[in-house]
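Asker: Numbering-wise, the sequence shown is residues 333 to 756 according to the working numbering.
Using N, Cα and C, we set each Cβ at its ideal position, and we do this for glycine too.
This structure is a prediction, so every number in the text was calculated from the model and none was measured.
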Amino acid sequence: MNFRQKQLFLFSILFLGYATYAYSRKSVSLTLPVLLSSGILDKTGAGAIASAQNLAYAISKFIGGVLSDKLSPRLLFSAGLLLSGLSCLLFSFSSALPMFVLLWFMNGFAQGAGWPSCAKLLKKWFSPSQFGTFWSTLSASSNLSGALSPMLTAFIISYTDWRSSIAFSGVCSLIMSIVGFCTINDQPPINEISLEEKVKNVTEKETSKESTKYTSKDLLKSPFLWLIAGSYMSVFAAKTAAVDWSQLYLMEDRQFSQLRASSFVSSLESGGFFGGILAGYLTDILMKKYEGRMQGSPRILAAIIFMGGVAASLYAFVNFVTLDSSQVFVTVLGMVLGGCLYGPIAIYGILAAESYPAAVSGTAHAYVALSANIGAMLAGLPFSYVAQLYGWSASFVFIFLMVSFTVVIMVLLKDLKPKVEKQE
Numbered sequence: 333m334n335f336r337q338k339q340l341f342l343f344s345i346l347f348l349g350y351a352t353y354a355y356s357r358k359s360v361s362l363t364l365p366v367l368l369s370s371g372i373l374d375k376t377g378a379g380a381i382a383s384a385q386n387l388a389y390a391i392s393k394f395i396g397g398v399l400s401d402k403l404s405p406r407l408l409f410s411a412g413l414l415l416s417g418l419s420c421l422l423f424s425f426s427s428a429l430p431m432f433v434l435l436w437f438m439n440g441f442a443q444g445a446g447w448p449s450c451a452k453l454l455k456k457w458f459s460p461s462q463f464g465t466f467w468s469t470l471s472a473s474s475n476l477s478g479a480l481s482p483m484l485t486a487f488i489i490s491y492t493d494w495r496s497s498i499a500f501s502g503v504c505s506l507i508m509s510i511v512g513f514c515t516i517n518d519q520p521p522i523n524e525i526s527l528e529e530k531v532k533n534v535t536e537k538e539t540s541k542e543s544t545k546y547t548s549k550d551l552l553k554s555p556f557l558w559l560i561a562g563s564y565m566s567v568f569a570a571k572t573a574a575v576d577w578s579q580l581y582l583m584e585d586r587q588f589s590q591l592r593a594s595s596f597v598s599s600l601e602s603g604g605f606f607g608g609i610l611a612g613y614l615t616d617i618l619m620k621k622y623e624g625r626m627q628g629s630p631r632i633l634a635a636i637i638f639m640g641g642v643a644a645s646l647y648a649f650v651n652f653v654t655l656d657s658s659q660v661f662v663t664v665l666g667m668v669l670g671g672c673l674y675g676p677i678a679i680y681g682i683l684a685a686e687s688y689p690a691a692v693s694g695t696a697h698a699y700v701a702l703s704a705n706i707g708a709m710l711a712g713l714p715f716s717y718v719a720q721l722y723g724w725s726a727s728f729v730f731i732f733l734m735v736s737f738t739v740v741i742m743v744l745l746k747d748l749k750p751k752v753e754k755q756e
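#1: Could you say if the stretch 669 to 681 and the stretch 349 to 367 meet the contact criterion of at least three C-beta pairs nearer than 8 Å?
#2: Count Cβ pairs between the stretch 640 to 654 and the stretch 726 to 742 that sit closer than 8 Å; are there 3 or more?
#3: How many Å lie between Leu429 and Lys621 at the Cα?
#4: Taking 7 Å as the cut-off, is the beta-carbon of Ser595 closer than that to any non-hydrogen atom of the ligand COA?
#5: In chain order, what residues of the same chain lie with their CB nearer than 7 Å to the CB of Gly670, ignoring the 5 residues before and after it?
#6: What is the residue span of the alpha helix (DSSP H) that Arg631 lies within?
#7: Among Leu721, Arg586, Leu559, whose alpha-carbon lies nearest the alpha-carbon of Ser703?
#8: So, for Pro630: in the same chain, excluding its five sequence neighbours on each side, which residues have a beta-carbon less than 8 Å away from its beta-carbon?
#9: Should Gly371 go down as buried or exposed, given a rule of 16 or more other Cβ atoms within 10 Å for buried?
#10: Are Ile488 and Ser496 close, meaning C-beta to C-beta below 8 Å?
#11: Lys549: buried (16+ other C-beta within 10 angstroms of its C-beta) or exposed?
#12: Excluding sequence positions up to five away, which residues of its chain have a Cβ less than 6 Å from the Cβ of Lys571?
#13: Helix, strand or coil for Ala445? Go by DSSP, reduced to three states.
#14: Whose C-beta lies closer than 7 Å to the C-beta of Ser505 among residues of the same chain, with five residues either side of it excluded?
#15: Residue range of the alpha helix (DSSP H) that Leu721 falls in?
#16: So, helix, strand or coil for Asn334, using DSSP?
#17: Decide if Phe568 is buried, meaning its Cβ has at least 16 other Cβ atoms within 10 Å, or exposed.
#18: Excluding five sequence neighbours on each side, which residues of the same chain lie with their C-beta closer than 6 Å to the C-beta of Ala611?
#19: What does the alpha-carbon distance come out to for the pair Ile741 and Phe423?
#20: What are the start and end residues of the alpha helix (DSSP H) that includes Ala570?
#21: Excluding five sequence neighbours on each side, which residues of the same chain lie with their C-beta closer than 8 Å to the C-beta of Met565?
#22: Need the endpoints of the alpha helix (DSSP H) that Ala428 sits in, please.
#23: For Gln519, name the three-state secondary structure that DSSP assigns.
#24: Count the other CB atoms within 10 Å of the CB of Met431; is the residue buried (16 or more) or exposed (fewer)?
#25: Are the stretch 436 to 446 and the stretch 380 to 399 in contact at 8 Å, needing three or more beta carbon pairs?
#26: Measure the Cβ-Cβ separation of Gly666 and Lys749 and say whether it is below 8 Å.
#27: Can you look up Leu683 in the DSSP assignment and give me helix, strand or coil?
#28: If you drop the 5 nearest sequence neighbours on each side, which residues of the same chain put their C-beta closer than 6 Å to that of Ser474?
#29: Just to confirm the assignment, what range does the alpha helix (DSSP H) spanning Thr615 have?
#30: Between Gly562, Phe409, Asn517, Phe466, which lies nearest to Gly444 when the distance is taken from Cα to Cα?
#31: Comparing C-alpha positions only, which one of Leu342, Leu364, Ala698 sits nearest to Pro482?
#32: Assuming Phe728 contacts Phe649 under a Cβ cut-off of 8 Å, what Cβ separation, rounded to an integer in Å, is found between them?
#33: Using a Cβ-Cβ cutoff of less than 6 Å, which residues in the same chain neighbour Phe588 once the five nearest sequence positions on both sides are dropped?
#34: By the DSSP assignment, the alpha helix (DSSP H) with Ser361 in it spans what residues?
#35: What distance in whole Å lies between the Cβ atoms of Ala635 and Ser563, which are believed to be in contact at a cut-off of 8 Å?
#36: Can the beta-carbon of Lys591 be found less than 8 Å from the beta-carbon of Ala486?
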């Protein structure tokens, strides 16, 4: 194979592998309607399982980022899939809530190995002019997985049971673990690395020397970082609630069939696929038009538009979706909500990485990623507890109010400078 073919082959393995990570991550939440209706779990137990996974995922993202600099990315990528697959298989044979929580904590911990290893391999194998395209396309693999997995899960359950559905996701993870370990190369052939890549390495070293004077404490004194972190937490809570709980809400409160409710989740992920791409395109236009002409980052304007779309879509979801609603309306609403959710998720990550010096940009991204995972945890046990007391509608109304408040704050603080200043 020539170098281009080697790049595409590696990318295809990463794409399938990361899609499998996403399938494993959602395999239990997609079976929750059956687990709840059969009495195996109640809403509080379901929330405990979700929060355990999100907590472990938040922790392992930090650990995975550190390990990706010290271990073979191939080993890290494959080990995460192996552990994820084992947790799914063991879950499918378990029946007690404490074991469910423990195993899904294990699954969340394994998930943290996925993206850091993918990012490391992309940086090594692709030049700067290719990097953004392949990065965004690879991240979209989770949306593709999210769109297909609800239908696949419903199909498997209709012919077998919930245990077989989760076990199948585990087998897929184990297979991709073996494939990844046997086919991924950590480094491209040294004689095939492009001149552009070599120049990038020199530039990164020079920039790193200039920015080492900044510390993580300086980052925490940046109001802009706090704005991004808080907004990221809000939208990630909304995304997690929509993806994990909307199916149950539609089935229990609106009496949708499992197939129809799962199709809404698929439409969320389908919309998210296009929302992330649209966010990048729109923010590039705004940067060209307004950079240097406004105090804050022009990307914030796009984030405000998307967040407003999230609030409007959540309001429509709670107030206008009924059993009599047309399937076209429900599907379109799901796609709009998904697009508006994944748009700001992409924007906040870009803002955190690009707004600070090179030596602390990774730390800045880690801070906002931690905030996002706190949002995901809020959409776990606390969300299900509110649903247990007051119903699913009340939980989604709470998310709507939180997102609406975030939009107001972002409008008021849109002129904050995305910079960190050295505190003497």
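Answerer: Let's see:
#1: no
#2: yes
#3: Cα-Cα distance, rounded: 54 Å.
#4: Absent from the structure shown: the ligand COA. Ligands present: none.
#5: Ser599, Leu600, Glu601, Ser602, Gly603, Gly604, Gly607
#6: 631 to 652
#7: The option with the nearest alpha carbon to Ser703 is Leu559.
#8: Thr615, Leu618, Met619, Lys621, Tyr622, Glu623
#9: Gly371 sits exposed, since fewer than 16 C-beta atoms from the chains shown fall within 10 Å of its C-beta.
#10: In this structure, Ile488 places its C-beta atom within 8 Å of the C-beta atom of Ser496.
#11: exposed
#12: Closer than 6 Å at Cβ, skipping near neighbours: Leu673.
#13: coil
#14: Thr352, Ser356, Leu413, Ser416, Gly417, Cys420
#15: 713 to 722
#16: coil
#17: buried
#18: When the five nearest sequence neighbours on each side are left out, the beta carbons in the same chain lying within less than 6 Å of the beta carbon of Ala611 are those of Gly675, Ala678, Ile679, in order along the chain.
#19: 42 Å
#20: 555 to 584
#21: Ser703, Ala704, Ile706, Gly707, Leu710
#22: Taken as a continuous stretch (DSSP letters only), Ala428 belongs to no alpha helix (DSSP H), as it is neither H nor E.
#23: DSSP, reduced to helix, strand and coil, places Gln519 outside both helices and strands of the structure shown, so it counts as coil.
#24: exposed
#25: Yes, since at least three Cβ pairs between the stretch 436 to 446 and the stretch 380 to 399 fall closer than 8 Å, the two stretches touch.
#26: If you check the CB distance, Gly666 and Lys749 do not come in under 8 Å.
#27: Correct three-state label for Leu683: helix.
#28: These residues qualify, in order along the chain: Ala354.
#29: Residues 590 to 622.
#30: The shortest C-alpha separation from Gly444 is found at Phe409.
#31: Leu364
#32: Contact flag correct, Cβ pair sits at about 7 Å.
#33: Leu582
#34: Careful: Ser361 lies outside any alpha helix (DSSP H) and carries neither H nor E.
#35: The beta-carbon distance between Ser563 and Ala635, rounded to whole angstroms, is 7 Å. This is short enough to meet the 8 Å contact definition.
#36: According to the sequence as given, residue 591 is Leu; it is not Lys. Going by C-beta atoms, Leu591 is nearer than 8 Å to Ala486.
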